[in-house]
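K.L.:
Here the protein sequences line up with chains A and B, keeping their order. Just so we're aligned, residue 1 is where the first sequence starts under our numbering, counting upward by one. Just so we're aligned, residue 301 is where the second sequence starts under our numbering, counting upward by one. Ideal placement from N, C-alpha and C gives every residue a C-beta, glycine not left out. Nothing here was measured: the structure is a model prediction, and the numbers come from that model. Take a look at this one; I'll ask things after.
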Amino acid sequence: MNSKKAPKTANQRHQRELKRDQHHAVIHWLVTGFVLLVLLYIIGYTFAAGFKNLSLNFFISSDFDRGIAPQLFNTFYILILSMIPMLLIGISAAVYIVEYAKQGTMLKILRFATETLSSVPSIIIGLLGFLLFVTNFGQGPRWEFSRLAGALTLAILNLPWMMRTAEDALRAVPASLREASYALGATKLQTIFRTVLPAAIPGLMTGALIVSGRVIGETAALIYTSGVAGSSNGWFNFNLIHVPGDTLAVHIYTLFADNPTPAAQQGQTATAVVLIALVLGVNLLGRFFERRLTKRFSGE
Amino acid sequence: MITNLSKGRPTIRKGATAEFLGHLWFALSALVVVVLLVLVYYFVGSQSFQTFTQSHISPADFFLSSNWDAQNHLGISYFIIGSLSLVLLSLVFAVPISLAVAVFISEIAPKWLKYPLLRAIELFLGIPSVIFGLFGLIVIVPLIRNFLNLIAGGIFYNGYGLVPAAVVVTFMILPTVATIAYDAMQAVPRELREGSYALGATRRQTISKVLIPAAGPGIMTGVILGIARALGETVAVAFVIGNSQHLPFGLSNYFPYLYIGPTSALTTQLLFNFKEATVGSPLYNALWTISFVLLVISAILVAVSRAFAAKRIY
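Okay, here's the thing in structure tokens:
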């Protein structure tokens with residue numbers, strides 16, 4: 001490396017290339033190792049900082065700085081509310097794309113729409129949710145800051161992802177299954193409901209769980225739809241509208257935005273631990289179903 | 301579908317209505333995503349033009365002025381510069397690193413390491429942005445603050461600004477870019493690599509002269525998706541950018557003579573200002589215009605990424 005002189009013989013050039021090749025490999029080992037270490041450090045540090053602040057009281061208290069009971073409830077409530085329309089529309093749309101649509105303009109339009117919608121920044125979907133659900137197109141209140149408004153906004157935000165994962169799940173079902181169903185005289189609708197969808201269930205579960213992880217972790221789209229209020233009095237209610245409710249992710253943001261006190265900072269890292277555990281748990285469960293799906297169709 | 305004419309009167313074959321209704325339901329569900337896209341563009345677009353029609357701000361002043369005062373004057377040029385420099389700096393960090401990771405997993409890693417590594421990187425796709433923001437706030441910002449003040453020999457920097465935001469965004473878009481680049485490299489046929497090795501090329505030469513050019517368009521779609529994510533990222537950036545109406549960088553009296561203090565991006569302006577905006581006020585309209593700017597840029601990015609995807613050979 002220290003001599004910049006060009007090597008004279010072919011053998012010297014070859015030796016130089018071999019050396020460069022070794023350096024190249026070492027650099028890639030180091031960079032990948034560094035990236036992995038940093039990513040693990042992000043999770044490890046948050047756990048180390050937050051774990052000591054966790055207590056049973058933290059899970060059942062509705063005090064804004066010291067507990068996350070309302071936030072836990074709201075997270076799951078909004079998750080379920082948003083998954084219902086998303087699963088229904090997302091899977092149906094994927095069925096259309098995989099089973100009905102022919103190559104052509106319609107499919108191109110659908111591809112364009114899903115790609116473009118999934119690239120819209122989540123804060124903008126949040127503002128749209130504010131316009132459509134929180135206010136009546138900006139003219140007076142509709143549902144105000146509410147968990148239904150937040151859930152529907154998240155459904156809009158994640159529909160393209162749900163469609164994509166559902167499409168993957170349906171495409172993974174072998175064509176031979178459909179052909180067998182048709183050969184038995186089944187109609188298209190019977191084939192879809194009795195053969196394709198049941199066979200795709202593990203894949204659909206994977207998709208639904210990965211999207212659930214995104215819903216649980218979303219913040220920007222919720223701040224102006226389900227609101228940032230702690231809703232400490234009477235949080236355990238199922239009111240869809242007029243009652244705001246912050247999720248765990250929004251709670252972390254709110255504790256940052258409202259001049260953090262030391263107690264709030266402790267609550268922040270502790271909430272982060274719960275949030276990471278939830279999201280990673282959901283994603284790992286999704287991977288588990290994915291493996292079951294490949295096992296089923298590869299016959300191992 | 302009308303088949304049974306035996307009784308002289310057409311009757312619909314059993315189940316045909318159900319078949320038709322099923323088809324209709326699935327087709328309408330697929331159309332929902334198109335309707336939503338039109339809704340997003342219609343509402344954001346129509347609201348955004350009120351800055352120029354209702355609030356009577358000239359477009360030139362709005363986009364070129366740097367003076368942002370919620371009550372009197374609205375100019376967003378600093379926020380545009382903030383967002384663009386954030387995207388650029390994140391790319392400078394993220395593209396080489398994620399390419400290296402993709403090359404490593406695809407070409408260099410031993411077989412037993414490949415799959416777990418890929419799974420680990422994919423798992424980080426799911427980590428919420430608020431976690432990255434919090435990490436930036438409690439780790440990256442103090443780190444940069446201490447480092448800058450150490451080399452400047454005093455307390456001149458509070459650590460917030462463009463650099464921590466770019467670091468945070470880098471780690472957020474890295475898994476996206478790396479996994480897409482990895483997929484593009486895997487799609488390059490074996491024969492190309494074998495041809496290169498047969499000509500006596502080393503692995504380094506094969507990777508840089510054959511593999512990366514062949515996977516180029518696929519890698520670019522990943523990079524552009526990364527740009528879109530960096531541009532639209534809100535909460536993680538809001539934690540560390542400092543939220544002030546300054547250029548992201550400038551000259552400073554103190555070493556390293558480069559001011560890199562608190563600044564703003566388009567998305568964080570939306571986040572911080574929307575709660576104070578009353579409906580119909582110039583501020584409210586201006587925030588919708590900012591949204592529309594973001595919307596248009598992300599639509600252009602999608603178009604560019606589709607152009608690269610169309611150029612893919614493998």
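1. For a contact defined as C-beta to C-beta under 8 Å, what are the partners of A/PRO160 on chain B?
2. Would you say B/VAL428 faces chain A, with C-beta separation under 8 Å as the test?
3. Can you tell me the Cα-Cα spacing of A/ARG111 and A/LEU209, whole angstroms?
4. How is the alpha helix (DSSP H) around A/ILE60 delimited, first residue to last?
5. Using C-beta distances below 7 Å, list every residue in its chain close to B/TYR557, excluding the 5 sequence neighbours before and after it, in chain order.
6. Compare the C-beta of A/LEU54 with all C-beta atoms of chain B and state if any pair is closer than 8 Å.
7. Run down chain B in chain order and give the residues with a C-beta less than 7 Å from the C-beta of A/THR187.
8. So what's A/PRO121 in DSSP terms, helix, strand or just coil?
9. Based on the DSSP output, what are the partners of B/TRP368 in its beta bridges?
10. Quick one: using the 10 Å Cβ neighbour count with 16 as the cut-off for buried, is A/LEU30 buried or exposed?
11. Check the DSSP bridge columns for B/TYR415 and list the partner residues they point to.
12. Let me know if B/SER398 comes out buried or exposed under the rule of 16 or more other beta-carbons within 10 Å of its beta-carbon.
13. Give the residues from the segment 366-394 of chain B that approach chain A closer than 9 Å (Cβ to any Cβ), ordered along the chain.
14. Work out the CA separation of B/GLU319 and A/GLN302 for me, nearest whole Å.
15. Please state whether DSSP places B/PRO562 in a helix, a strand or coil.
16. Going along chain B in order, which residues have a C-beta closer than 7 Å to the C-beta of A/ASN136?
17. Determine contact between the segment 408-428 of chain B and the segment 598-608 of chain B, defined as no fewer than three beta-carbon pairs at a distance below 8 Å.
18. Considering only DSSP beta bridges, list what A/THR135 is partnered with.
19. Which one or two residues does DSSP pair with B/LEU551 in a beta bridge?
20. Are the beta-carbon atoms of B/GLY526 and B/ILE440 separated by less than 8 Å?
21. Can you list the residues of chain A that B/GLY532 reaches, using a CB-CB cut of under 9 Å?
22. Going by DSSP, what residues sit across from B/GLY542 in a beta bridge?
23. Mind checking if A/LEU17 is an interface residue toward chain B, Cβ cutoff 8 Å exclusive?
24. Select from B/TYR415, B/ALA466, B/SER358, B/ILE444 the residue whose C-alpha is nearest the C-alpha of B/TYR482.
25. Quick one: does A/ARG20 have its CB under 8 Å from some CB of chain B?
26. Rounded to whole angstroms, what's the CA-CA distance from B/SER544 to A/VAL134? Just pull it up for me.
27. According to the neighbour-count rule (16 or more other Cβ atoms, all chains shown, within 10 Å of its Cβ), is B/PRO464 buried or exposed?
28. I need the boundaries of the alpha helix (DSSP H) containing A/LEU88, first residue and last residue.
29. Using 8 Å as the limit for Cβ to Cβ distance, is B/VAL439 near chain A?
30. Spell out whether any CB of chain A is found under 8 Å from the CB atom of B/LEU474.
31. To the nearest angstrom, how far is the alpha carbon of B/GLY433 from that of B/PHE539?
32. Going by alpha carbons, who is nearest to B/ALA409 out of B/ARG503, B/ALA528, B/HIS546, B/LEU566?
33. Which one of B/LEU450, B/PHE343, B/ASN458, B/GLY345 has the shortest CA to CA distance from B/GLY542?
34. Return the Cβ separation of A/LEU278 and A/ILE216 in integer angstroms, given the expectation that the two are a contact with Cβ distance under 8 Å.
35. Using CA atoms only, rank isn't needed, just tell me which of A/LEU81, A/TYR41, A/GLU17, A/ARG291 is closest to B/PHE435.
P.N.:
Well, looking at it:
1. In the first sequence, the residue the question calls residue 160 of chain A occupies position 160. Residues of chain B passing the Cβ test: VAL333.
2. Here residue 428 of chain B corresponds to residue number 128 of the second sequence, with the count starting at 1. The residue asked about is misnamed: residue 428 of chain B is Pro in this sequence, not Val. It does; some Cβ of chain A falls within 8 Å.
3. Mapped onto the first sequence, residue 111 of chain A falls at position 111. Mapped onto the first sequence, residue 209 of chain A falls at position 209. One C-alpha to the other measures close to 23 Å.
4. For this step, residue 60 of chain A is matched to residue 60 along the first sequence. A/ILE60 -> alpha helix (DSSP H) spans 56-60.
5. Working through the second sequence from its first residue, we reach residue 557 of chain B at position 257. Cβ within range, chain order: LEU551.
6. Taking the first residue of the first sequence as position 1, residue 54 of chain A is located at position 54. By this cut-off, A/LEU54 is not an interface position.
7. Residue mapping note: residue 187 of chain A aligns to position 187 of the first sequence, counting from 1. In chain order: GLY315, GLU319.
8. Residue numbering aside, residue 121 of chain A sits at position 121 when the first sequence is read from its first letter. DSSP places A/PRO121 in coil when its eight states are reduced to three.
9. If you number the second sequence from 1, residue 368 of chain B lands on position 68. For B/TRP368, which the question treats as bridged, DSSP gives the partners B/LEU374.
10. Mapped onto the first sequence, residue 30 of chain A falls at position 30. So A/LEU30 ends up on the exposed side.
11. Counting from 1 along the second sequence, the entry for residue 415 of chain B is found at position 115. Answer is none; B/TYR415 lacks a bridge partner.
12. Here residue 398 of chain B corresponds to residue number 98 of the second sequence, with the count starting at 1. Label assigned to B/SER398: buried.
13. none
14. In the structure displayed, chain A extends from 1 to 300; residue 302 of chain A sits before or after that span and is not available.
15. Locating residue 562 of chain B in the second sequence gives position 262, where the first residue counts as 1. In this structure, B/PRO562 counts as coil in the three-state DSSP scheme.
16. Indexing the first sequence from 1 puts residue 136 of chain A at position 136. What A/ASN136 touches in chain B: nothing, since even the nearest Cβ is about 10 Å away.
17. no
18. In the first sequence, the residue the question calls residue 135 of chain A occupies position 135. A/PRO141.
19. To locate residue 551 of chain B, count along the second sequence from 1; it is residue 251. DSSP output for B/LEU551 lists B/LEU558 as bridge partner(s).
20. What you label residue 526 of chain B is simply residue 226 of the second sequence in a count that begins at 1. What you label residue 440 of chain B is simply residue 140 of the second sequence in a count that begins at 1. It is not a contact, given that the beta carbons lie outside the stated cut-off.
21. Walking along the second sequence from the start, residue 532 of chain B turns up at place 232. Near B/GLY532 (Cβ distances below 9 Å), the residues of chain A are SER119, VAL120, PRO121, SER122, ILE123, ILE124, ALA220.
22. Residue numbering aside, residue 542 of chain B sits at position 242 when the second sequence is read from its first letter. The partner list for B/GLY542 (beta bridge, DSSP) reads B/THR563.
23. The residue labelled residue 17 of chain A in the question sits at position 17 within the first sequence. What sits at residue 17 of chain A in the sequence shown is Glu, not Leu. Closer than 8 Å: yes.
24. Here residue 482 of chain B refers to the residue found at position 182 when the second sequence is read from its first residue. Answer by Cα proximity: B/TYR415.
25. For the purposes of this step, residue 20 of chain A is taken as the residue at position 20 of the first sequence. By this cut-off, A/ARG20 is an interface position.
26. Mapped onto the second sequence, residue 544 of chain B falls at position 244. Mapped onto the first sequence, residue 134 of chain A falls at position 134. So the two alpha carbons sit approximately 29 Å from each other.
27. Position 164 of the second sequence, counted from the start, is the residue given in the question as residue 464 of chain B. By the 10 Å Cβ count, B/PRO464 comes out buried.
28. Residue numbering aside, residue 88 of chain A sits at position 88 when the first sequence is read from its first letter. Its alpha helix (DSSP H) spans residues 69-95.
29. Taking the first residue of the second sequence as position 1, residue 439 of chain B is located at position 139. Chain A contact via Cβ: present.
30. Reading the second sequence from its first residue, position 174 is the one you call residue 474 of chain B. So yes, B/LEU474 belongs to the interface.
31. In the second sequence, the residue the question calls residue 433 of chain B occupies position 133. In the second sequence, the residue the question calls residue 539 of chain B occupies position 239. Their Cα atoms are separated by approximately 5 Å.
32. Position 109 of the second sequence, counted from the start, is the residue given in the question as residue 409 of chain B. With distances taken between Cα atoms, B/ALA409 lies closest to B/ARG503.
33. The residue labelled residue 542 of chain B in the question sits at position 242 within the second sequence. Comparing Cα positions, the closest option is B/ASN458.
34. Within the first sequence, numbered from 1, the residue matching residue 278 of chain A stands at position 278. Within the first sequence, numbered from 1, the residue matching residue 216 of chain A stands at position 216. Sure, about 6 Å apart at Cβ, within 8 Å.
35. The count along the second sequence starts at 1 and reaches residue 435 of chain B at position 135. Out of A/LEU81, A/TYR41, A/GLU17, A/ARG291, A/TYR41 has the C-alpha closest to the C-alpha of B/PHE435.
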